[in-house]
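Taken in sequence, the protein lines are chains V and F. Going left to right, the first sequence walks through residues 1 to 394 as the numbering used here numbers them. Going left to right, the second sequence walks through residues 395 to 788 as the numbering used here numbers them. Note that CB positions come from ideal geometry on N, CA and C, so glycine has one too. Small disclaimer: the values here were computed from a predicted structure and weren't measured.
Number of protein chains: 2
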Amino acid sequence: MVNYADRMKEIRASAIRELLALTKKPEIISFAGGLPAPDLFPVADLKKATDSVFDEAGKTILQYGETAGWAELRKHIAERMLKRNQIVTTPDNVILTAGSQQGLDFIGKLFLDEGDVVLMESPSYLGAINAVKPYLPNFVEVPTDGDGLIVEELERILQTTDRVKLIYVIPDFQNPSGRTWPLERRKKFMEVITKYEIPVIEDNPYGDLRFYGEFLPALKTMDTKGLVMYLGTFSKILSPGMRIGWICANNAYIDKLNLIAQGAVLQTATFTAAIVSKYLDMFDVDEHIARILPVYKHSCDLMISTMDECFPEEAVFTRPDGGLFTWVDLPDYIDTKIMADEAMARKVAYVPGEGFFPNGGNKHCLRLNYSKEPDERIVTGIRILGEVIKNNIK
Amino acid sequence: MVNYADRMKEIRASAIRELLALTKKPEIISFAGGLPAPDLFPVADLKKATDSVFDEAGKTILQYGETAGWAELRKHIAERMLKRNQIVTTPDNVILTAGSQQGLDFIGKLFLDEGDVVLMESPSYLGAINAVKPYLPNFVEVPTDGDGLIVEELERILQTTDRVKLIYVIPDFQNPSGRTWPLERRKKFMEVITKYEIPVIEDNPYGDLRFYGEFLPALKTMDTKGLVMYLGTFSKILSPGMRIGWICANNAYIDKLNLIAQGAVLQTATFTAAIVSKYLDMFDVDEHIARILPVYKHSCDLMISTMDECFPEEAVFTRPDGGLFTWVDLPDYIDTKIMADEAMARKVAYVPGEGFFPNGGNKHCLRLNYSKEPDERIVTGIRILGEVIKNNIK
């Protein structure tokens, strides 16, 4: 009789990662993942950067280093956040993490006792739910509309809910909904947050992938009380397999996060952080982003226009301004988990929506990713999915 | 008023990592770290392996991958554990981690509720104490002698202690004591463990670095009930900056550890794991180990012979058969933390022993590392340290 920790009762396999195993077969048209297109990775340039850093600092990049991570990369990140996101900060306010996912784990560890409340958009990123679940919080979902989190609902919840420790949000091209918060909503959100002094996780993995509209300032730029922990990553623009993300936060939070990182991993990999840093020295990452953007935009446009053509009017979906996902709302009586088997029988995969709601339910939604499949498979897959949906409409 | 989780009251900076910041100055002779000698990293060969894997599988190594980590590397690891440690296992019984440190965090998360008991050798690895502390266990220290953990003491503790969830041990060239358990003690230990069915963490970061005596079988080879989680790492033989370690355990534990890894980091870096795997394809790592061994052995011999010459007889120390450390036991009335300031004033650094005892105390011990400094600085530093110790002898 093995006696695991109580938290293990709450921890289940990620529906997405389980599904990804199934969708590896080449005959399956998969809209299920959230993988960046591997053809867009700057393989040759990363190789050049790697060779160069081996030659210049081979012994250093293979050795242990600072807990906060490679200083040169933290400097690049601070500069980049200023340039792209208008965030004024310093390299000492940055800690590197093995992707944003590790940042979520560290922040959960820092703030959450059993029974504390975490607020999340309804729906929200499944990986964030799974990252903090081991710390046994209660989740309260904040209602959303087409413009993201509804601030009046947030204030109502804050007025009536004890032990709110954190709120987790993705204001840009949210995973899973594809929605982006307009500027006015960001301002109102930060007013409420500042009033109630709630620590915020602002997760921005897709911010660089904007197809339409202007860049909008990060919540962190409106953070007068140092409440916002901004999470960034190179996973969507350079390489997820290198596992380099970061947290930018106030000094007090960063000090504590460094202690947590020491215990959990000693430090992020010196080696990969030095390579990414050298890549940023040698190449213009914004030029690289400018090259990959039209590809994602094209795939998004193709998927949305095919959905316009092939989906029944009962299917309501997001027209994303960027990112990797769109989100489909079907009539309440459709269970997208059951429907997924029908789609899979016809070799098309998507992620049923329920997993994105911290407290479950909402079985009538589903998430579609447009960044993996080539054009003809996007069209074929969406056509098939349209037929499957129509078969389920009463 | 920031409201952190209760666990943060228990989490302090690692004494070692704090000290390492101080010892960065080139004029300080540092016996404080545990860093492998950077001159021994196979920089050129790792560069060749990296170039090769970029060319052969650039897109794949930069992409997301399996939670358990790069399959080819897990295959290499399973084969290597058989060859070097006589452990019969499969790649599916291996999960990659960002160094052994992350393995310790995952195992703590899997097993420990607040108030559960973790047994550790007295003294034990400070990083292991810090890894599991956030899960708020109570530590019970198992007495040791020159041959490691005293099994009779372990059995006495198991007979009288409730809620023992885990025992953490380093049978080979222990950090900090430099001691190695003889075969008989390993057998007796596993008899007791099997009788009481206590999950074991067998941490073996230094196993490949043996200067004297025969390889001894891992505890995992005597594990008839699947209780032992064996932790290995490439940090001491290839590169700590790449952060590649692993856990080898029974299927049930590995399934749970995969769930924990999903939530905490999604997966280990595909990129670095693929490079290490390719290195193992292209080069004979045992030849590499055979090249670095004499260097560490020489430094160890030099430090020990200088200690024989310069330390007073009141200083009792380990003569290690391998690894990176020796351990000095001084008279009870000496506080090695206070004495560290005297040594530092004379530009010599070591780690005071107290931090290696989960429940503190034992202020009269200290740890010395011999892998970082060149010969003349080992001799100079140990001479100075001998004088400092003599000044403190009553």
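Open item on the list: Check whether chain F comes within 8 angstroms of Gln262 (chain V), counting only Cβ atoms and requiring the distance to be less than that.
Closed with: The sequence position of residue 262 (chain V) within the first sequence is 262, counting from 1. Output row for Gln262 (chain V): interface = yes.
Task: In chain order, each beta strand (DSSP E) run of at least 3 residues that lies wholly inside the stretch 541-613 of chain F - done: 558-563 and 594-597
Open item on the list: Tell me which residue opens and which closes the alpha helix (DSSP H) that Leu760 (chain F) is part of.
Closed with: For the purposes of this step, residue 760 (chain F) is taken as residue 366 along the second sequence, with counting starting at 1. Unbroken run through Leu760 (chain F) is the beta strand (DSSP E), Cys759 to Asn763; no alpha helix (DSSP H).
- [ ] Check whether the Cβ of Val511 (chain F) lies closer than 8 angstroms to any Cβ atom in chain V.
- [x] The count along the second sequence starts at 1 and reaches residue 511 (chain F) at position 117. Chain V contact via Cβ: absent.
Task: Selected residue, minimal CA-CA separation from Asp695 (chain F), among F:Lys581, F:Val742, F:Glu460 and F:Asn763 - done: Here residue 695 (chain F) is taken as the residue at index 301 of the second sequence, counted from 1. Asp695 (chain F) has its Cα closest to that of F:Asn763, out of F:Lys581, F:Val742, F:Glu460 and F:Asn763.
Open item on the list: Quick test of your reading: Gly148 (chain V) and Arg179 (chain V), contact by CB under 8 angstroms. State the CB separation rounded to the nearest angstrom.
Closed with: For the purposes of this step, residue 148 (chain V) is taken as the residue at position 148 of the first sequence. For the purposes of this step, residue 179 (chain V) is taken as the residue at position 179 of the first sequence. With a Cβ gap of about 5 angstroms, Gly148 (chain V) and Arg179 (chain V) count as contacting.
Open item on the list: Is it buried or exposed, Leu621 (chain F), if we count other Cβ atoms within 10 angstroms and call 16 or more buried?
Closed with: Against the second sequence, residue 621 (chain F) aligns to sequence position 227. Label assigned to Leu621 (chain F): buried.
TODO: Express the C-alpha separation of Pro565 (chain F) and Arg580 (chain F) in angstroms, rounding to a whole number.
DONE: As a first step, residue 580 (chain F) is located in the second sequence; it is residue number 186 there, counting from the start. As a first step, residue 565 (chain F) is located in the second sequence; it is residue number 171 there, counting from the start. C-alpha separation (whole angstroms): 8 angstroms.
- [ ] Taking Glu596 (chain F) as the reference, give the member of F:Ala643, F:Ala451 and F:Glu466 with the closest Cα.
- [x] Start at 1 with the first residue of the second sequence, and residue 596 (chain F) comes out as number 202. Per the Cα distances, F:Ala643.
- [ ] Report the neighbours of Lys47 (chain V) on chain C: residues whose CB is nearer than 9 angstroms to its CB, in chain order.
- [x] Among the chains of the structure shown, chain C does not appear; the protein chains present are V and F.
TODO: Measure how close the beta-carbons of Val94 (chain V) and Trp246 (chain V) come, nearest whole angstrom, since I'm counting them as under 8 angstroms.
DONE: Your numbering for residue 94 (chain V) matches position 94 in the first sequence. Your numbering for residue 246 (chain V) matches position 246 in the first sequence. Rounded, the Cβ-Cβ distance is 5 angstroms, consistent with contact.
Task: Environment of Gln553 (chain F) [buried if 16+ CB atoms lie within 10 Å] - done: Counting from one through the second sequence, the residue named residue 553 (chain F) turns up at place 159. Flag for Gln553 (chain F) reads exposed.
Task: Closest Cα partner of Ala684 (chain F) within the set F:Leu506, F:Tyr398, F:Leu434 and F:Lys757 - done: For the purposes of this step, residue 684 (chain F) is taken as residue 290 along the second sequence, with counting starting at 1. Taking only the C-alpha atoms, the option nearest Ala684 (chain F) is F:Leu434.
TODO: Quick one: measure Cβ to Cβ for Phe567 (chain F) and Leu613 (chain F), integer angstroms, because I've assumed they're closer than 8 angstroms.
DONE: Translated into positions along the second sequence, residue 567 (chain F) becomes position 173. Translated into positions along the second sequence, residue 613 (chain F) becomes position 219. Contact doesn't hold; Cβ gap of about 14 angstroms is too wide.
TODO: Using alpha carbons as the reference points, say which of V:Arg383, V:Asn138, V:Ile304 and V:Gly323 lies closest to Val316 (chain V).
DONE: On the first sequence, residue 316 (chain V) is found 316 positions in, with the first residue counted as 1. It is V:Ile304.
Task: Below-8 angstroms beta-carbon distance, Ala343 (chain V) vs any chain F residue - done: Mapped onto the first sequence, residue 343 (chain V) falls at position 343. No, its Cβ sits nowhere closer than 8 angstroms to a Cβ of chain F.
TODO: Could you run through the stretch 453-466 of chain F and flag, in chain order, every residue whose CB is less than 8 angstroms away from some CB of chain V?
DONE: Lys453, Thr454, Ile455, Leu456, Gln457, Tyr458, Gly459 and Thr461
- [ ] Classify Met701 (chain F) as buried or exposed, calling it buried when 16 or more other Cβ atoms lie within 10 Å of its own Cβ.
- [x] What you label residue 701 (chain F) is simply residue 307 of the second sequence in a count that begins at 1. That one is buried.
TODO: Go ahead and label Glu404 (chain F) buried or exposed: buried means 16 or more other beta carbons lie within 10 angstroms of its beta carbon, across all protein chains shown.
DONE: On the second sequence, position 10 is the one that residue 404 (chain F) refers to. When all chains shown are included, Glu404 (chain F) counts as exposed.
Open item on the list: Could you check whether Phe609 (chain F) and Val670 (chain F) sit closer than 8 angstroms to each other, using their CB atoms as the reference points?
Closed with: Start at 1 with the first residue of the second sequence, and residue 670 (chain F) comes out as number 276. Start at 1 with the first residue of the second sequence, and residue 609 (chain F) comes out as number 215. No; because the gap between Cβ atoms is not below 8 angstroms, this pair is not in contact.
TODO: Please name the residue in V:Arg243, V:Ile129 and V:Gly386 whose C-alpha comes closest to that of Asn359 (chain V).
DONE: Translated into positions along the first sequence, residue 359 (chain V) becomes position 359. Measuring from the Cα of Asn359 (chain V), the nearest candidate turns out to be V:Ile129.
Task: Between the CA atoms of Glu354 (chain V) and Pro593 (chain F) - distance to the nearest angstrom - done: Locating residue 593 (chain F) in the second sequence gives position 199, counting from the first residue. Locating residue 354 (chain V) in the first sequence gives position 354, counting from the first residue. Using only the alpha carbons, I get a separation of about 36 angstroms.
- [ ] Starting from Val659 (chain F), find everything on chain V with Cβ-Cβ shorter than 8 angstroms and list it in chain order.
- [x] Here residue 659 (chain F) is taken as the residue at index 265 of the second sequence, counted from 1. By Cβ distance, chain V contributes Ala98, Gly99, Gln101, Gln102, Asp105 and Arg243.
Open item on the list: On a Cα-Cα basis, can you pick out the residue from F:Leu513, F:Asn756 and F:Lys527 that is closest to Tyr727 (chain F)?
Closed with: Here residue 727 (chain F) refers to the residue found at position 333 when the second sequence is read from its first residue. The option with the nearest alpha carbon to Tyr727 (chain F) is F:Asn756.
Task: Glu155 (chain V) versus V:Ala5, V:Ser124, V:Glu197 and V:Leu126, residue with shortest Cα-Cα distance - done: As a position in the first sequence, residue 155 (chain V) is number 155, starting the count at 1. For the residues V:Ala5, V:Ser124, V:Glu197 and V:Leu126, the minimum Cα distance to Glu155 (chain V) belongs to V:Glu197.
TODO: Answer with yes or no whether the minimum CB distance from Val94 (chain V) to chain F is below 8 angstroms.
DONE: Start at 1 with the first residue of the first sequence, and residue 94 (chain V) comes out as number 94. Chain F, which has no Cβ nearer than 8 angstroms to the Cβ of Val94 (chain V), makes this no.
TODO: Along the alpha helix (DSSP H) that carries Ile481 (chain F), what are the first and last residues, could you check?
DONE: Here the question's residue 481 (chain F) lines up with position 87 in the second sequence. Looking at the DSSP string, Ile481 (chain F) is not in any alpha helix (DSSP H), and its letter there is neither H nor E.
Open item on the list: If the criterion is Cβ atoms closer than 8 angstroms, does the pair Ala21 (chain V) and Val295 (chain V) meet it?
Closed with: Residue mapping note: residue 21 (chain V) aligns to position 21 of the first sequence, counting from 1. Residue mapping note: residue 295 (chain V) aligns to position 295 of the first sequence, counting from 1. Their beta carbons are not under 8 angstroms apart, which means Ala21 (chain V) does not touch Val295 (chain V) by this criterion.
Task: Nearest residue (CA-CA) to Gly502 (chain F), options F:Asp735, F:Leu651 and F:Pro485 - done: Working through the second sequence from its first residue, we reach residue 502 (chain F) at position 108. Closest option to Gly502 (chain F), Cα to Cα, is F:Leu651.
Open item on the list: Which residue marks the beginning of the beta strand (DSSP E) containing Val295 (chain V), and which one marks its end?
Closed with: Residue 295 (chain V) sits at position 295 when you count from the first residue of the first sequence. Counting along the chain, Val295 (chain V) falls outside any beta strand (DSSP E), though it belongs to the alpha helix (DSSP H) covering Val285 to Cys310.
Task: Residue-chain proximity (Ser633 (chain F), chain V), Cβ-Cβ < 8 angstroms - done: For this step, residue 633 (chain F) is matched to residue 239 along the second sequence. So, interface residue.
Open item on the list: Just checking: is the beta-carbon of Pro38 (chain V) within a distance shorter than 8 angstroms of some beta-carbon in chain F?
Closed with: Within the first sequence, residue 38 (chain V) is the residue found at index 38, counting from 1. It does; some Cβ of chain F falls within 8 angstroms.
- [ ] Could you check which residue in F:Ser765, F:Phe665 and F:Ile732 has the C-alpha nearest to that of Glu714 (chain F)?
- [x] Indexing the second sequence from 1 puts residue 714 (chain F) at position 320. The residue asked about is misnamed: residue 714 (chain F) is Pro in this sequence, not Glu. The option with the nearest alpha carbon to Pro714 (chain F) is F:Ser765.
Task: Minimum Cβ-Cβ distance from Tyr398 (chain F) to chain V less than 8 angstroms - done: For the purposes of this step, residue 398 (chain F) is taken as the residue at position 4 of the second sequence. Look at Tyr398 (chain F): its C-beta is under 8 angstroms from a C-beta on chain V.
Task: Contacts around Leu293 (chain V), its chain only, beta-carbon distance under 8 angstroms, and the 5 residues preceding and following it disregarded - done: Position 293 of the first sequence, counting from 1, holds the residue named residue 293 (chain V). Only Leu209, Arg210 and Phe211 meet the Cβ criterion.
Task: Best match in V:Ser124, V:Lys278, V:Thr268 and V:Met222 for proximity to Gln102 (chain V) [C-alpha to C-alpha] - done: Locating residue 102 (chain V) in the first sequence gives position 102, counting from the first residue. Comparing Cα positions, the closest option is V:Thr268.
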